[in-house]
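So the protein sequences, as listed, match chains A and B. Numbering follows numbering that gives the first Met the number 0, in which position 25 of the first sequence is assigned residue number 24; successive positions increment by one, without gaps. Numbering follows numbering that gives the first Met the number 0, in which position 350 of the second sequence is assigned residue number 349; successive positions increment by one, without gaps. Have a look at the structure below before the remarks.
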Amino acid sequence: MKKFLLIILLCSASSPLFSQNSAGVFTILLGGSAGKFNIDAGGNFNSVYSNNKPVYTGVFGLGNGALFLIGKYRVFNTSGQSTVTNSTATGSAEWKQNILLTGLRFGPGTSAVYLDALYVFNHAEEKIGTTNPAVDALSADQKIDQNGFAFAFGLSPKLAGPLDLDLEVEYSAKIQKTTLANGTDAPSLGGLYLSAGLSFYFNN
Amino acid sequence: MKTLPLFLIASVCSWVCGCTPLNQNQPGSPGNNVVALEILPHPDTLNMGTNDSQILTLRGTSIDTSSQTITNSGVITDVGFTVTTTDTTTTPYPSDQARWTSSNTSAATVSNGVVTAHSTGYANITATAGSVSAPPVLVSVQGVNTAPGLSLDPPLVSVIFRDTVTVTGNVQPQATLIITESSSHHNDTAVSHNLNGNFSETIIGLSTGFRTIVATAQNPHQASLATTRYKYVYYYEYLSDSADNICGNWLGTTLGENFNFTITKSIIYSRYDINGHIDIQFQGIGVVRDIVLTGIVSRDGTIDASLSQSYQGFTISGFLKGYFKTTGTGEGSYGSSAKKSGWPTLSATADWTAVKQP
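Laid out in structure tokens, this is it:
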């Protein structure tokens, strides 16, 4: 924990190790990251899918070097085995979640840390069924659209020229109560995203 | 309160006797759940000599309804359905619990299933339990010095596509039964039968064309006193030399689902092999796919194939029947059942058609 605070301190105070981008100049941000998304959907998610699958995120931003209007897009696809009761049929399950985040990024131009405040659009589709044998009556699919908010904190030490390394922690939560077809509350599609990536800053 | 002593007395008597009241819901027991009753043995005609006795028994068919809920759940998707099936159970029914009647007591009487023949004539024997009656059995009573009774089960005229036919029926138990057929050189002069006179004789090696099977029951004391019955069959072989035309790939259809299979010439003479897969729709469960279809096609075009699939305790079995034409079409029906531990047995029957692919 002390090391972590020390890194933040070093990043906040501009240094040769964490050199920064030019502030006040129109800048385009392009980036991408890979990480792990721990969804808040509930305990049943891990039993059906596990969630150790790597997740990739694309980042696009426009700003003045210190403040960016950014958008992030993430796809979280996984497959697993659904829970079948009173049957020895093998369950199958597919999960496809599209996550679009848009908001503001504070700080990258003036320090080597940044903070994102984001609005989140989640769209999840789940398709379950059985194999061996394939039983149509035990197959169904459902979709959820659920909005929320997210905050992210990142370290962005400069690597070379316009290239930054990004180490980021992001947490998203739902602000919208959604209901499933069976009348029950939908699980939260938010969660904790830990990632590492690269960002390019293009300016004059 | 007045009924309490009676209840106690009944309970004590039941305990002393070591018996329990007949369960009204027990399959096959007398009760509202028995939906059909059948007299055994069940020949259309029971042939008896005067003063003979025969024992008839009863079999009851009951309905047992059960349901099973099966769920399949993900995180946001949850499927659950309840399948209800009606299983029929057939078990012996106590003869003394039914009411037996004879339509002609001068020819034969019946008591708790025991039929006694008195004089030459006919009588219909029936049994009734509650509101359910068994189909009647016709008793034919012959005198001692007359030709013995003999009846053949229908159909008495039929078209067959194999060189084998089975003749069943009932003969007066004391009689000597002879069954002959010329083209197959079948000449059984002492066809065996059970104590009730029921017999079943298989004739193989028939030649194609119209064939006459002759059954004769002789009085054991005087052979000239005989009763003769005939069964006629036409043995038809229609694929002939062009049978190989059915070999190839076929596309079948049943209930809107397509299935594919192939027919190949077997190394066994006059036979073809059929192999493929079929998707079957079970009521209440949906379509079960990739059920293995395998069997043979005889030279007469008829199919003898089975359906099977199993995986982790889920077992599909069944049959597929029908016929193929050398012109490239086929049709028939199938029956299948699906069994799995914890599930009620599911069944499916439907027709199918098929067209040979170019």
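Ideal Cβ positions, reconstructed from N, Cα and C, are used throughout, including at glycine. None of the values given here were measured: they were computed from a predicted structure.
Find out if the Cβ-Cβ distance for the pair residue 307 of chain B, residue 315 of chain B is shorter than 8 Å.
Against a cut-off of 8 Å, the Cβ pair of residue 315 of chain B and residue 307 of chain B comes out as a contact.
Tell me the DSSP secondary structure of residue 27 of chain B in three-state form.
Because the pLDDT at residue 27 of chain B is just 41, under 50, the model does not fix this residue reliably, and the value given afterwards should be weighed accordingly. Reduced to three states, the DSSP call for residue 27 of chain B is coil.
Taking Cβ positions, are residue 88 of chain B and residue 63 of chain B nearer each other than 8 Å?
Closer than 8 Å, so yes.
Are the beta-carbon atoms belonging to residue 150 of chain B and residue 43 of chain B less than 8 Å from one another?
The answer is yes: Cβ separation under 8 Å.
Could you tell me the alpha carbon to alpha carbon distance between residue 136 of chain B and residue 123 of chain B, rounded to whole angstroms?
Rounded to the nearest angstrom, the two C-alpha atoms are 6 Å apart.
Using beta-carbon positions only, say whether residue 164 of chain A and residue 158 of chain A come within less than 8 Å of one another.
Taking 8 Å as the Cβ cut-off, residue 164 of chain A and residue 158 of chain A qualify as a contacting pair.
Could you name the residues of the region 294-310 of chain B whose beta carbon sits closer than 8 Å to any beta carbon of chain A, in the order they occur along the chain?
The region 294-310 of chain B vs chain A, Cβ under 8 Å: 308 and 310.
Taking CB distances under 8 Å as the criterion, tell me whether residue 67 of chain B reaches chain A.
It does; some Cβ of chain A falls within 8 Å.
May I have a chain-ordered list of the beta strand (DSSP E) segments no shorter than 3 residues that lie completely inside the region 106-159 of chain A?
The region 106-159 of chain A contains these whole beta strand (DSSP E) runs: 112-130, 139-154 and 157-159.
Check whether the Cβ of residue 286 of chain B lies closer than 8 Å to any Cβ atom in chain A.
Closer than 8 Å: yes.
Looking at chain A, is there any beta carbon in it that lies within less than 8 Å of the beta carbon of residue 338 of chain B?
No, no contact with chain A.
Using a beta-carbon distance below 8 Å, is residue 41 of chain A in contact with chain B?
At least one chain B Cβ lies under 8 Å of residue 41 of chain A.
Decide if residue 73 of chain B is buried, meaning its Cβ has at least 16 other Cβ atoms within 10 Å, or exposed.
Counting Cβ neighbours within 10 Å, residue 73 of chain B comes out buried, since at least 16 surround it.
Pairing CB atoms from the region 134-147 of chain A with CB atoms from the region 119-126 of chain A, are three or more of them under 8 Å?
As far as the Cβ criterion goes, the region 134-147 of chain A touches the region 119-126 of chain A, which means the pair count is three or higher.
For the alpha helix (DSSP H) holding residue 48 of chain A, just list the boundary residues, first then last.
Looking at the DSSP string, the run of the alpha helix (DSSP H) that includes residue 48 of chain A is 42-48.
Short of 6 Å in beta carbon distance, which residues of its chain neighbour residue 124 of chain A, apart from the five on each side in sequence? Order them along the chain.
Excluding sequence neighbours, residue 124 of chain A sits near 95 and 142.
If the cut is a Cβ gap below 9 Å, which residues of chain A does residue 70 of chain B touch?
By Cβ distance, chain A contributes 82, 83, 84, 85, 86 and 137.
Kindly give me the distance between the Cβ atoms of residue 91 of chain A and residue 129 of chain A, rounded to whole angstroms, as I take these residues to be in contact under 8 Å.
With 8 Å as the limit, residue 91 of chain A and residue 129 of chain A qualify as a contact, their Cβ atoms being about 6 Å apart.
Taking DSSP as the reference, what is the three-state secondary structure of residue 95 of chain B?
Helix, per DSSP.
For the beta strand (DSSP E) containing residue 173 of chain A, name the first residue and the last one.
Element bounds for residue 173 of chain A: 162-173.
Residue range of the beta strand (DSSP E) that residue 294 of chain B falls in?
Taken as a continuous stretch (DSSP letters only), the beta strand (DSSP E) holding residue 294 of chain B covers 285-297.
Do residue 115 of chain B and residue 52 of chain B count as a contact pair if the criterion is CB distance below 8 Å?
Their beta carbons are under 8 Å apart, which means residue 52 of chain B touches residue 115 of chain B by this criterion.
With a cut-off of 8 Å on the beta carbons, I'd call residue 98 of chain B and residue 299 of chain B a contact; round off their distance for me.
That belief does not hold up - the Cβ atoms of residue 98 of chain B and residue 299 of chain B are roughly 48 Å apart, past 8 Å.
Does any C-beta atom of chain B lie closer than 8 Å to the C-beta of residue 179 of chain A?
With 8 Å as the cut-off, residue 179 of chain A counts as an interface residue toward chain B.
Let's test the definition: count the other Cβ atoms within 10 Å of the Cβ of residue 176 of chain A and tell me whether it reaches 16, buried, or not, exposed.
Exposed: under 16 other Cβ atoms inside 10 Å.
Would you mind telling me which residues of chain B sit closer than 9 Å to residue 141 of chain A, beta carbon to beta carbon, in chain order?
By Cβ distance, chain B contributes 73, 75, 76 and 77.
Quick check: the Cα distance between residue 93 of chain A and residue 77 of chain A, rounded to an integer number of angstroms?
Between residue 93 of chain A and residue 77 of chain A, the C-alpha separation is close to 6 Å.
For residue 44 of chain A, decide whether its Cβ has a neighbour in chain B, counting only Cβ atoms nearer than 8 Å.
Chain B contact via Cβ: present.
Output yes if chain A places a C-beta closer than 8 Å to the C-beta of residue 80 of chain B; else output no.
With 8 Å as the cut-off, residue 80 of chain B counts as an interface residue toward chain A.
Where residue 285 of chain B and residue 75 of chain A are concerned, what is the direct C-alpha to C-alpha distance, given to the nearest angstrom?
Taking the straight line joining both Cα atoms gives about 31 Å.
Any idea what DSSP makes of residue 186 of chain B, helix, strand or coil?
Strand.
Determine the burial state of residue 206 of chain B: buried for a count of at least 16 other Cβ atoms within 10 Å of its Cβ, exposed for fewer.
Result: exposed.
I believe residue 273 of chain B touches residue 290 of chain B by the beta-carbon criterion, under 8 Å. Please report the beta-carbon distance rounded to the nearest angstrom.
Contact doesn't hold; Cβ gap of about 14 Å is too wide.
Below 8 Å, how does it come out for the region 339-354 of chain B and the region 273-282 of chain B: are there three or more Cβ pairs, yes or no?
Judged by Cβ distances under 8 Å, the region 339-354 of chain B makes contact with the region 273-282 of chain B, as three or more pairs qualify.
Rounded to whole angstroms, what is the Cα-Cα separation between residue 198 of chain A and residue 156 of chain A?
About 10 Å.
Straight-line CA distance for residue 321 of chain B to residue 336 of chain B?
Each residue's Cα considered, the two are about 18 Å apart.
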